[in-house]
Amino acid sequence: MNTSHAHHQRHNRSQHLWRKWAAAGVSLSLALSLFGCGASSSGDSSSGGKAPFLVGGLFPQTGSLSYFGPPETAAFKLAEQDINKAGGVLGTPIKTATADVNDADHADQNQSATNSLLSKNPSVIVGNPSSGVVKNTYSTIAAAQVPLISVGATATSLSGISPYFFRTVPPDSVQGAVLADTIAQDGVRKLAIASFNDEAGNGMRDVVSQRIASDGVDVVYGKSESFDPVETDFAPLAATIKASKPDAVLVIAFVQTIPLVKQLISAGIDPHKLYFFDGNTADYSKDFAAGTLKGNKGTIPGAHASAQFQKRLKAIDSSLTSFTYTAETYDAVVLSALAAQKGGASDPATVHKNLPAVSGSQGGQQCGSYADCLALLKDGKEIAYHGQSGVGPFNKKNDPSSAYIGIYAFDGDNRPVFDHAQQGKTE
């Protein structure tokens with residue numbers, strides 16, 4: 001998920017400031033990690049931080065991305081339960097705190113939610129499914145030298161943006177390539193792209209446009225065009241797209257998707273020749289007549305939540321109908337807990353230092369649950385946590401080195417149904 005273009009200049013200024021004092025921050029971080037903060041890598045629960053391991057969660061409960069809040073929160077709680085059932089971190093139950101981060105158009109709430117979590121002295125912050133929200137908040141979190149693990153911020157521009165920024169979801173370069181190849185493999189030769197002017201829209205549009213050209217597909221509209229995210233009248237855009245005579249239309253939007261698709265249909269676009277990305281591959285059973293979107297495809301990064309995992313999540317929140325980013329959220333919490341356990345302390349510096357190692361960046365024995373990984377750490381073993389999302393170890397930019405992209409097909413009730421997954425590698 002990504003950001004509003006209006007925040008771009010502010011982001012550049014904050015990034016510039018970050019770079020100016022980052023060098024000083026590194027030495028402080030190193031000092032903290034060595035001064036009683038967990039230079040040990042034995043995973044011995046007898047040593048450790050004096051404060052309990054606290055995970056902060058930034059999830060959108062309000063705003064245009066609020067539909068991500070319930071599944072991510074459920075996964076957050078499930079991870080907490082599993083970790084504590086296995087013995088907690090360093091022999092102590094972990095604690096959690098959450099805040100409503102809203103969406104990227106609410107920068108003030110982004111900051112207030114972030115500050116409320118930082119005031120609790122978290123060991124790590126998990127969440128921020130929006131790249132826009134990440135760009136509005138990452139410098140504040142980095143200034144506090146707290147690791148941030150995003151579970152859904154996919155903007156390619158975020159790769160390596162801060163040494164404190166990690167993500168359990170692949171950048172758009174991976175999803176965009178799979179989406180473009182899917183469209184081409186379906187026989188589309190002329191594609192129109194209806195994309196909003198947003199970090200998510202522009203980034204995905206550019207990746208798809210470049211990749212699909214090499215697949216022999218002509219982008220007849222939308223290679224460089226985009227619409228204002230606050231637009232409400234999509235009739236002119238729909239007419240322009242219809243005039244370009246596409247075989248299919250890729251819709252890259254969030255809340256604008258429903259009115260835009262309705263206008264495309266009114267303009268004469270075949271409703272069964274549409275494609276979507278992770279921001280709008282969603283349940284439209286209440287928004288369109290049955291069968292309207294049947295057969296259309298969309299992509300969502302990350303492994304598809306297994307039936308057993310979905311069952312466990314629904315035991316926490318029985319109202320769940322979407323499981324997007326649940327695996328990524330669960331794994332982010334588990335990875336951070338394992339990092340603290342490996343380092344022998346619960347402070348942010350220790351978590352930051354050990355996150356790459358427990359993800360498998362140094363090799364290690366593969367393990368698929370917190371309990372199994374904990375046992376290996378207590379035996380002095382190096383580990384490679386391979387959890388629900390199936391992502392590879394963190395690379396030098398703190399992106400997952402490999403990840404799965406799920407391809408979904410809409411059924412007769414206009415709901416996306418998992419079809420298959422393709423693995424892609426991060427460049």
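Numbering (the UniProt record's numbering), first residue to last: 1 to 427. For glycine and all other residues, C-beta sits at the position ideal for the given N, C-alpha and C. Just so it is clear, the structure is predicted and the values come from calculations on it, not from any experiment.
The residues Ala86, Gly87 and Gln341, in chain order, have a CB closer than 7 Å to that of Leu374 in the same chain once the five nearest residues on each side in sequence are set aside. Per DSSP, Thr299 is not a residue of any alpha helix (DSSP H); the beta strand (DSSP E) it occupies stretches across Lys297 to Pro301. For Lys190, the uninterrupted beta strand (DSSP E) segment begins and ends at Lys190 to Ser195. Of all C-beta pairs linking the stretch 281-300 to the stretch 399-413, three or more are shorter than 8 Å, placing the two stretches in contact. Looking at Pro416, Thr156 and Glu427, the one whose alpha-carbon comes closest to that of Ala290 is Pro416. Counting only residues of its own chain and dropping the five nearest sequence neighbours on each side, Gln263 has a CB closer than 6 Å to the CB of Phe234, Ala235 and Ala238. Per DSSP, Phe309 is one residue of the alpha helix (DSSP H) stretching across Ala307 to Ile316. Spanning the alpha carbons of Ile141 and Pro147 requires a straight line of approximately 7 Å. When the Cα atoms are used, Leu355 and Gln210 turn out to be separated by approximately 33 Å. Using a Cβ-Cβ distance cut-off of 8 Å, the stretch 57-68 and the stretch 301-320 are not in contact, since fewer than three pairs of beta carbons, one from each stretch, lie closer than that value.
The alpha-carbon of Ser195 is positioned some 36 Å away from that of Gln308.
Taking a C-beta distance under 9 Å as the contact criterion, Phe53 and Leu90 qualify as a contact pair. Among the bridge pairs identified by DSSP, Cys367 is matched with Tyr385. Asp270 has its alpha-carbon roughly 49 Å from the corresponding atom of Ala357. Close CB contacts of Pro229 within its chain, under the 6 Å cut and outside five residues either way in sequence, are with Phe196 and Asp198 (chain order). With distances taken between CA atoms, Tyr385 lies nearest to Gly364 out of Asn398, Gly364 and Lys396.
Here the stretch 213-232 lies against the stretch 245-259, with 3 or more beta-carbon pairs under 8 Å apart. Collapsing the DSSP output to three states places Leu179 in a helix. Of all C-beta pairs linking the stretch 181-188 to the stretch 154-167, fewer than three are shorter than 8 Å, placing the two stretches out of contact. The Cβ atoms of Gly387 and Ala403 do not sit closer than 9 Å to each other. The beta carbon of Gly412 is closer than 8 Å to those of Ala290, Gly291 and Lys294 in its chain, skipping five residues each way along the sequence.
In the DSSP assignment, His420 falls within the unbroken beta strand (DSSP E) covering Pro416 to Lys425. Straight through space, the alpha carbons of Lys95 and Gly368 are spaced by roughly 22 Å. C-alpha of Val133 to C-alpha of Pro246: approximately 34 Å in a straight line. Of the residues Thr324, Ile258, Phe165 and Pro129, the one whose Cα lies closest to the Cα of Ser139 is Phe165. 9 Å or more divides the Cβ of Ser244 from the Cβ of Tyr275.
In the three-state reduction of the DSSP assignment, Lys135 falls in the helix class, which pools H, G and I.
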